[in-house]
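Peer 1:
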Amino acid sequence: MSDTSSSKYIIELKNVSFVYGEGTPFRSEALTDVSVGIERGTVTGIIGHTGSGKSTLVQLLNGLIKPQSGTVLLDGRDIWADPKKIGQVRFRVGLVFQYPEYQLFEETVWRDIAFGPRNMGLPEDEIKRRVSEAMAFVGLDEKLADASPFELSGGQKRRVAIAGVIAMEPEVLVLDEPAAGLDPMGREEILGGVWSYQRRKKSTVVIVSHSMEDMARFCDRLIVMCGGRVSMTGTCADIFRQADRLTEIGLDIPQITRLIFALKARGVDIDTDIYTIDRAKAVIEEMIKQKRSGSRC
Amino acid sequence: MLKDITLGQFFPGDSPLHKLDPRTKLILTTVYIILVFVARGAPGFAVILLFTLAMIAASKIPAKIILRGLRPLVFIITFTAIINLFWTKGENLLFRLGFIEIYSEGVLYAVLMVLRVVLLLLGSSVLLTYTTSPIALTDGLEQLLSPLKKLRVPVHEFAMMMTIALRFIPTLIEETDKIMNAQKARGVDFSSGGIIRRAKALIPILIPLFVSAFRRADELAIAMECRCYRGGEGRTRMKVLKLSYRDLVASVIFVFFTAAVIAANVFIPWLSV
Ligand SMILES: Nc1ncnc2c1ncn2[C@@H]1O[C@H](COP(=O)(O)OP(=O)(O)OP(=O)(O)O)[C@@H](O)[C@H]1O
Ligand SMILES: [Mg+2]
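In order, the protein sequence lines correspond to chains A and B.
Per my numbering, residue 1 is the first one in the first sequence, and the count goes up by one each step.
Per my numbering, residue 298 is the first one in the second sequence, and the count goes up by one each step.
#1: Determine, using beta-carbon pairs with one atom in the region 439–447 of chain B and one in the region 416–424 of chain B, whether at least three such pairs fall under 8 Å.
#2: Flag this pair as yes or no: are the beta carbons of A:L73 and A:E171 separated by less than 8 Å?
#3: Just the C-alpha distance for A:A282 and A:M135, rounded to the nearest angstrom, thanks.
#4: What does A:Y102 touch in chain B if you count any residue whose Cβ is under 7 Å from its own?
#5: Considering only heavy atoms of ligand 2, list every residue whose Cβ is less than 7 Å from one of them, following chain order.
#6: Compute the Euclidean distance between the alpha carbons of B:V537 and A:G121, then round it to the nearest angstrom.
#7: Is the shortest distance between the beta-carbon of B:V485 and the beta-carbons of chain A less than 8 Å?
#8: Taking a Cβ distance cut-off of 7 Å, strictly less, list which residues of the region 527–559 of chain B are near chain A, in chain order.
#9: A:F105 and B:I470: beta carbons closer than 8 Å?
#10: Do A:V268 and A:I47 come within 8 Å of each other at the CB atom, strictly closer than that value?
#11: Does the beta-carbon distance from A:A145 to A:V96 come in below 8 Å?
#12: Just the Cα atoms here: how many angstroms apart are A:R130 and A:L175?
#13: Could you check whether the Cβ of A:G164 sits closer than 7 Å to any heavy atom belonging to ligand 1?
#14: Say yes only if the C-beta of A:G23 is nearer than 7 Å to one or more non-hydrogen atoms of ligand 1, and no if none qualify.
#15: With C-beta atoms as the reference, is A:V43 less than 8 Å away from A:C219?
#16: Which residues in the same chain as B:I550 place their Cβ atom closer than 7 Å to its Cβ, once the five residues preceding and following it in sequence are excluded?
#17: At a cut-off of 7 Å, is A:S28 close to ligand 1 when judged by its beta-carbon and the heavy atoms of the ligand?
#18: Please specify which runs of the alpha helix (DSSP H), each continuous and at least 4 residues long, are wholly inside the region 101–142 of chain A, giving them in chain order.
#19: Tell me whether A:S52, by its Cβ, gets closer than 7 Å to a heavy atom of ligand 1.
#20: Would the region 155–165 of chain A and the region 186–202 of chain A be scored as touching if the rule is three or more Cβ pairs under 8 Å?
#21: For A:P67, does the count of other Cβ atoms within 10 angstroms reach 16, so buried, or fall short, so exposed?
#22: Can you tell me whether B:K300 is helix, strand or coil according to DSSP?
#23: At a cut-off of 7 Å, would you count A:G48 as near ligand 1, judging by its Cβ distance to the nearest heavy atom?
#24: Given a cut-off of 8 Å on the beta-carbon distance, is the pair B:V344 and B:A498 in contact?
#25: Since B:A378 meets chain A, which of its residues come closer than 8 Å, beta carbon to beta carbon?
#26: Kindly indicate the opening and closing residues of the alpha helix (DSSP H) around B:V549.
#27: Near B:V411, what residues of its chain come up, given a Cβ to Cβ distance below 7 Å and the 5 sequence neighbours on each side ignored?
#28: Is the beta carbon of A:K45 less than 8 Å from the beta carbon of A:S209?
#29: Relative to the C-alpha of B:R413, which residue among B:F342, B:R524 and B:S548 is closest?
#30: Spatial neighbours of B:R513 within its chain, please: C-beta separation below 8 Å, excluding the five flanking residues on both sides.
#31: B:I500 CB to nearest chain A CB: under 8 Å?
#32: Less than 7 Å separating the Cβ of A:Y20 from some heavy atom of ligand 1?
#33: Report yes or no: is there a C-beta of chain B within less than 8 Å of the C-beta of A:M120?
#34: Rounded to whole angstroms, what's the CA-CA distance from B:S489 to B:V404? Just pull it up for me.
#35: Cβ atoms of A:I256 and A:K264: under 8 Å apart, would you say?
#36: With H, G and I counted as helix, E and B as strand and the rest as coil, what does DSSP make of A:S2?
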């Protein structure tokens, strides 16, 4: 990465506002004066109650919609500087929509995943490599490659759709509620797959989700949306520490963090910066061990 | 965006026109259309024009929206004007250039014909489509046509089909929008390339759209059966259409309006066509 472009943010929104149906009786202001940055090489989570503008925000990131005011910078350059080149932006910022299973159309799973890479004009062997890799990331069995996407289960369709965007190997991968409506195993596999994709390719990932547990486990940073505005940004610890503010805007903290807060309230001397079960387990085990050795002496 | 195509173009509001019973509006619109065709002289057209403007004012719909509704017809209007202007032969030659001859009758004809088309559209849209929700419209139609049931015309089924079709137009448009966006995110380009490339770019849109339309139809049929839908026989309504004093007032106004147009036709048919 060259020095000039290696600012902290790969994508930056500056004073962005977006209105649906401007000039009609159905006008609705979805985003108001949003300024926020996505840090390079991180997994950033976007949380917010329903209708807070998350889906609108992610569609701005790859230029599917154009803000009425404000700028969207990718690597420091305004993506709308040359509207003809917006196609290139969409290859660099891959977006998986909320409920993406409806976008499948090809005869086979393999061809559907290859659709994006093919639109990029990649050579055939490169497409092949990317498709198999993408299928592995999302946990799709090789055997399904020749199945029709319309015969798959909902969860499998979801994986195909996500693989279709991963196969484009975008610099920034944006997923709008990728795990909504899946079983715990499915959530785990999809989010885990995205996470390992991010580590392997050193790319940047943005995930929208309603599950605080998932966010705590997979995200480095969080953006909290409320009523079309960004209400907080920071690391998971920064955000979950402010449980009161989150509750105020109708959000929650991870269950395990609640438990830790409750322990603290009962006088247990414990660090409250805990928001995953694994970490809680480690800390509590450590405490128990110390207590045992302490009582023995 | 696709949403900007206003199909059905219902414009919600609570003006006196919005509050009329759809049956009244259907009948009055028919009367209005007949009057527009019956009018011959300039005074008759003037009466209709004034009346239409009054209706637009009463509907409280912004003039901008109404003018936008005329846009698709610009071609037809221009065409009507040109045909009438150049092809009407009369006695009073105004202008000649080679084989092109324009008579004053031609000008009059063109003006009145354009006025007729514009009035037809303005009047029926203000009286009906802009101020009546599609659902109310089909309800009204069903009731008006219900005598035909005696002749074994499946009026209820037709009305139900129309209601469902109208109900799903916005949904399908929204869905198309969503699918288009999803495919754009995968690099489909709809706006460049030759006609074949553009047609090919539609495949990733049309297939998912059809799949979901069929799925929706299936689900809707099942949902309707689950709620014991079994056709129109013995079915009651949640919203029963009721005529009120408004409908009476509107009808009386229309009687005067009709009388005025006919009187203008008979007694002052100046500049008639
Ligand atoms: N296509 C659209 N046309 C008009 N208004 C829209 C459209 N899409 C979203 N909105 C409005 O914009 C606002 C933000 O919607 P958005 O979809 O961004 O919310 P969200 O945070 O993604 O919600 P959810 O968690 O339910 O997905 C909402 O008030 C919504 O009504
Ligand atoms: Mg959303």
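Backbone N, C-alpha and C define an ideal beta-carbon position, used for all residues, glycine too.
Peer 2: Inspection of the coordinates gives the following:
#1: No, the region 439–447 of chain B is not in contact with the region 416–424 of chain B.
#2: Along the first sequence, one-based indexing puts residue 73 of chain A at 73. Along the first sequence, one-based indexing puts residue 171 of chain A at 171. Their beta carbons are not under 8 Å apart, which means A:L73 does not touch A:E171 by this criterion.
#3: Working through the first sequence from its first residue, we reach residue 282 of chain A at position 282. Working through the first sequence from its first residue, we reach residue 135 of chain A at position 135. The alpha-carbon atoms of A:A282 and A:M135 are separated by roughly 33 Å.
#4: Mapped onto the first sequence, residue 102 of chain A falls at position 102. I476, P505 and S509, listed in chain order.
#5: A:K54, A:S55, A:Q98, A:D176, A:E177 and A:V208
#6: Position 240 of the second sequence, counted from the first residue, corresponds to residue 537 of chain B. Position 121 of the first sequence, counted from the first residue, corresponds to residue 121 of chain A. C-alpha separation (whole angstroms): 60 Å.
#7: Residue 485 of chain B sits at position 188 when you count from the first residue of the second sequence. Judged by the 8 Å Cβ criterion, B:V485 is in contact with chain A.
#8: none
#9: As a working mapping, residue 105 of chain A is identified with position 105 in the first sequence. As a working mapping, residue 470 of chain B is identified with position 173 in the second sequence. No. Outside cutoff.
#10: Taking the first sequence and counting its residues from 1, one reaches residue 47 of chain A at position 47. Taking the first sequence and counting its residues from 1, one reaches residue 268 of chain A at position 268. Going by C-beta atoms, A:I47 is not nearer than 8 Å to A:V268.
#11: Residue 145 of chain A sits at position 145 when you count from the first residue of the first sequence. Residue 96 of chain A sits at position 96 when you count from the first residue of the first sequence. No; because the gap between Cβ atoms is not below 8 Å, this pair is not in contact.
#12: Taking the first sequence and counting its residues from 1, the one referred to as residue 130 of chain A is at position 130. Taking the first sequence and counting its residues from 1, the one referred to as residue 175 of chain A is at position 175. If you take the alpha carbons of A:R130 and A:L175, they lie about 19 Å apart.
#13: The count along the first sequence starts at 1 and reaches residue 164 of chain A at position 164. No, Cβ of A:G164 sits at least 7 Å from all heavy atoms of ligand 1.
#14: Here the question's residue 23 of chain A lines up with position 23 in the first sequence. False, no ligand heavy atom lies under 7 Å from that Cβ.
#15: As a position in the first sequence, residue 43 of chain A is number 43, starting the count at 1. As a position in the first sequence, residue 219 of chain A is number 219, starting the count at 1. For A:V43 and A:C219, yes; Cβs fall inside 8 Å.
#16: Position 253 of the second sequence, counted from the first residue, corresponds to residue 550 of chain B. There are no such residues.
#17: As a first step, residue 28 of chain A is located in the first sequence; it is residue number 28 there, counting from the start. Yes, ligand 1 has a heavy atom inside 7 Å of this Cβ.
#18: Scanning the region 101–142 of chain A from its first residue to its last, the whole alpha helix (DSSP H) runs of 4-plus residues come out as 109–119 and 124–137.
#19: Translated into the one-based positions of the first sequence, residue 52 of chain A becomes position 52. Correct: A:S52 has its Cβ closer than 7 Å to ligand 1.
#20: yes
#21: Taking the first residue of the first sequence as position 1, residue 67 of chain A is located at position 67. So A:P67 ends up on the buried side.
#22: Working through the second sequence from its first residue, we reach residue 300 of chain B at position 3. Confidence at B:K300 is low in this model, with a pLDDT of 48, below 50, so its placement is unreliable and the value that follows should be read with caution. Shown here, B:K300 sits in a helix according to DSSP, grouped into three states.
#23: On the first sequence, position 48 is the one that residue 48 of chain A refers to. Flag set: Cβ of A:G48 near ligand 1.
#24: Walking along the second sequence from the start, residue 344 of chain B turns up at place 47. Walking along the second sequence from the start, residue 498 of chain B turns up at place 201. No Cβ-Cβ contact shorter than 8 Å links B:V344 with B:A498.
#25: Here residue 378 of chain B refers to the residue found at position 81 when the second sequence is read from its first residue. Those do not exist, as B:A378 stays about 29 Å from chain A at its closest Cβ, beyond 8 Å.
#26: The count along the second sequence starts at 1 and reaches residue 549 of chain B at position 252. From DSSP, the alpha helix (DSSP H) with B:V549 extends over Y542 to F564.
#27: As a working mapping, residue 411 of chain B is identified with position 114 in the second sequence. Correct list, in chain order: I374, T377 and A378.
#28: Residue 45 of chain A sits at position 45 when you count from the first residue of the first sequence. Residue 209 of chain A sits at position 209 when you count from the first residue of the first sequence. Note that residue 45 of chain A corresponds to Gly in the displayed sequence, not to Lys. Cβ distance < 8 Å, so A:G45 and A:S209 count as in contact.
#29: Reading the second sequence from its first residue, position 116 is the one you call residue 413 of chain B. For B:R413, the closest alpha carbon among the candidates B:F342, B:R524 and B:S548 is that of B:F342.
#30: Counting from 1 along the second sequence, the entry for residue 513 of chain B is found at position 216. F465 and T468.
#31: Taking the second sequence and counting its residues from 1, the one referred to as residue 500 of chain B is at position 203. It does; some Cβ of chain A falls within 8 Å.
#32: One-based indexing of the first sequence puts residue 20 of chain A at position 20. A:Y20 Cβ: within cutoff of ligand 1.
#33: For the purposes of this step, residue 120 of chain A is taken as residue 120 along the first sequence, with counting starting at 1. Output row for A:M120: interface = yes.
#34: To locate residue 489 of chain B, count along the second sequence from 1; it is residue 192. To locate residue 404 of chain B, count along the second sequence from 1; it is residue 107. Each residue's Cα considered, the two are about 43 Å apart.
#35: What you label residue 264 of chain A is simply residue 264 of the first sequence in a count that begins at 1. What you label residue 256 of chain A is simply residue 256 of the first sequence in a count that begins at 1. Going by C-beta atoms, A:K264 is not nearer than 8 Å to A:I256.
#36: Residue mapping note: residue 2 of chain A aligns to position 2 of the first sequence, counting from 1. The pLDDT assigned to A:S2 is 43, lower than 50, so where the model puts this residue is not dependable, and the model offers no usable value.
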